[in-house]
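Read the structure below first, then the notes.
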């Protein structure tokens with residue numbers, strides 16, 4: 005029987021694991037907010053999500069972008085307009101269908117995504133460096149399993165010219181599970197949710 009205060013107590017308890025993940029998510033949200041600090045005068049978290057989407061998808065129609073971000077097209081249009089005004093996104097006519105417009109990142113938009121992503125990686129690496137080697141190995145194993153259960157694609161080994169995929173946009177398709185299948189969400193996720 006585990007003694008009181010035993011860190012291994014409740015490791016198989018779904019509630020205990022959920023609480024631990026929620027606690028860790030606060031660290032991740034703090035790192036995300038901190039990584040945006042130097043661009044926060046021009047880019048909000050929802051707008052950054054749009055930049056990442058454009059960075060990983062390339063030229064994209066507004067409707068497809070709104071669907072990917074799970075926002076209304078009018079909301080995506082307002083976000084895009086602000087990013088265009090900031091010089092981070094450009095609107096172009098689709099060369100294959102002149103009735104459509106495509107949104108793309110400008111060079112400054114690509115630099116912004118690269119800067120924020122690199123800073124986030126450095127800040128996370130600083131946290132990970134405080135763990136003992138055995139804890140790091142256990143964390144990789146646990147987070148890999150967690151990410152697979154959530155359907156999240158892996159982040160590439162480097163941020164140079166290869167931003168990580170959005171991942172969270174694919175959550176509409178439930179990951180395979182051995183237990184009961186959860187019902188699909190009835191409302192779309194908002195861009196202010198942490199990623």
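In this note's numbering, the protein residues as written are 5 to 199. We put the beta carbon where it would ideally sit given N, CA and C, even for glycine. Being a predicted model, the structure only gives us computed values, none of them experimental.
| Item | Value |
| --- | --- |
| Residue environment, residue 146, which counts as buried when at least 16 other CB atoms sit within 10 Å | exposed |
| CB contact flag (residue 92, residue 121, <9 Å) | no |
| Residue environment, residue 57, which counts as buried when at least 16 other CB atoms sit within 10 Å | buried |
| Exposure of residue 52, with buried meaning 16 or more beta-carbon neighbours within 10 Å | buried |
| Whole-Å CB distance - residue 77 paired with residue 70, under 8 Å assumed | 4 Å |
| Boundaries (first-last residue) of the beta strand (DSSP E) holding residue 71 | Note, residue 71: premise wrong, no beta strand (DSSP E); alpha helix (DSSP H) at 66-73. |
| Three-state class that DSSP yields for residue 102 in the structure shown | strand |
| Cβ neighbours of residue 123 in the same chain (closer than 6 Å, five flanking residues each side left out) | 39 |
| Three-pair Cβ contact test at 8 Å for the segment 97-106 versus the segment 127-146 | no |
| Contact with chain D by residue 36, beta-carbon distance below 9 Å | Looking at the structure shown, chain D is missing, and only one protein chain is on hand. |
| Residue 165 to residue 90 span [Cα, whole Å] | Interpretation of residue 165 is limited by its pLDDT of 46, a score under 50 that renders its predicted location unreliable; the figure taken from the coordinates is listed afterwards. One C-alpha to the other measures close to 22 Å. |
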